[in-house]
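Here my numbering is used: the first residue of the sequence shown is -1, the next is one more, and so on.
Every residue gets a Cβ at the ideal spot worked out from N, C-alpha and C, and that includes glycine.
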Amino acid sequence: MCESVPFFLPIGLRTASTISASVLSTGTSLLYLPPDGIPRARGRSMGMTRNPKIALLAGVPLFAHCSKRDLEEIAAIADEIDFPAGRTLTREGQNGREFVVLADGIVDVERDGERVNTLGPGDFFGEISLVTGRPRTATVTTRSPARAFVLSAPAFRSLIQRAPRIRTSVLAAAALRLSE
């Protein structure tokens, strides 16, 4: 968009040596980025060509420390799936075949028919069965429509072997959940 406009001027409003805001003028249009928007836009074409799947992954706390390249690799191995409300995603006692990271929506976690937890965007599940080789420890059902990133067991294992920080976060969550 900016490339096709005859006049393009980026302006950084500075206080001391820190950019406190950024303004882009394209002749007849003006785009203002508040200070908290500057780091997200830096080094990118203002989000216009940004892959929406990568943008969703970047918003997941588990992947917060990942580089753009890491996120691209995760996006390549994760299926992005939309689920309707009321869909059972895992069943207690069954073998686990996938790791699920919620991008949007709410799910209920039940053990022995009793709700023990509610998970939302950024939360994940399915790690216990994949890490331990034991059957699923809970049934997970969508309470609302949900969007999730789903990794197959081989993709999950590959990810945690290549990404020590993700491995540490996943193993810590599995240990905590097993102790409850």
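Cα-Cα separation between residue i and residue j, rounded to whole angstroms
| i | j | result |
| --- | --- | --- |
| residue 52 | residue 167 | 20 Å |
| residue 49 | residue 96 | 24 Å |
| residue 55 | residue 110 | 32 Å |
| residue 80 | residue 72 | 18 Å |
| residue 131 | residue 155 | 12 Å |
| residue 159 | residue 129 | 12 Å |
| residue 82 | residue 163 | 31 Å |
| residue 104 | residue 98 | 13 Å |
| residue 76 | residue 142 | 21 Å |
| residue 65 | residue 161 | 11 Å |
| residue 67 | residue 102 | 23 Å |
| residue 84 | residue 106 | 10 Å |
| residue 120 | residue 157 | 17 Å |
| residue 89 | residue 108 | 9 Å |
| residue 57 | residue 138 | 22 Å |
Residue burial classification, residue i (beta-carbon count within 10 angstroms, cutoff 16)
| i | result |
| --- | --- |
| residue 60 | buried |
| residue 86 | exposed |
| residue 173 | exposed |
| residue 134 | buried |
| residue 74 | exposed |
| residue 140 | buried |
| residue 176 | exposed |
| residue 136 | buried |
| residue 124 | buried |
| residue 69 | buried |
| residue 170 | exposed |
| residue 40 | Bear in mind that the predicted position of residue 40 carries a pLDDT of just 38, short of 50, making it too unreliable to give a figure here. |
Whole-angstrom C-beta distance between residue j and residue i, which should lie under 8 Å
| i | j | result |
| --- | --- | --- |
| residue 179 | residue 127 | Outside the displayed range of the chain (-1 to 178) lies residue 179, so it cannot be described from this structure. |
| residue 147 | residue 78 | 6 Å |
| residue 100 | residue 62 | That belief does not hold up - the Cβ atoms of residue 100 and residue 62 are roughly 15 Å apart, past 8 Å. |
Below-7 Å beta-carbon distance, residue i vs any chain D residue
| i | result |
| --- | --- |
| residue 148 | In summary, chain D is missing from the structure at hand, where a single protein chain is found. |
| What runs of the alpha helix (DSSP H), each 4 residues or longer, lie entirely inside the stretch 94 to 131? | 125 to 130
| message | When you compare the stretch 145 to 158 with the stretch 106 to 115, are there three or more beta-carbon pairs, one atom per stretch, that lie closer than 8 Å? | response | no
| field | Contained beta strand (DSSP E) runs [length at least 3] in the stretch 136 to 164, N- to C-terminal order | value | 137 to 140, 144 to 150
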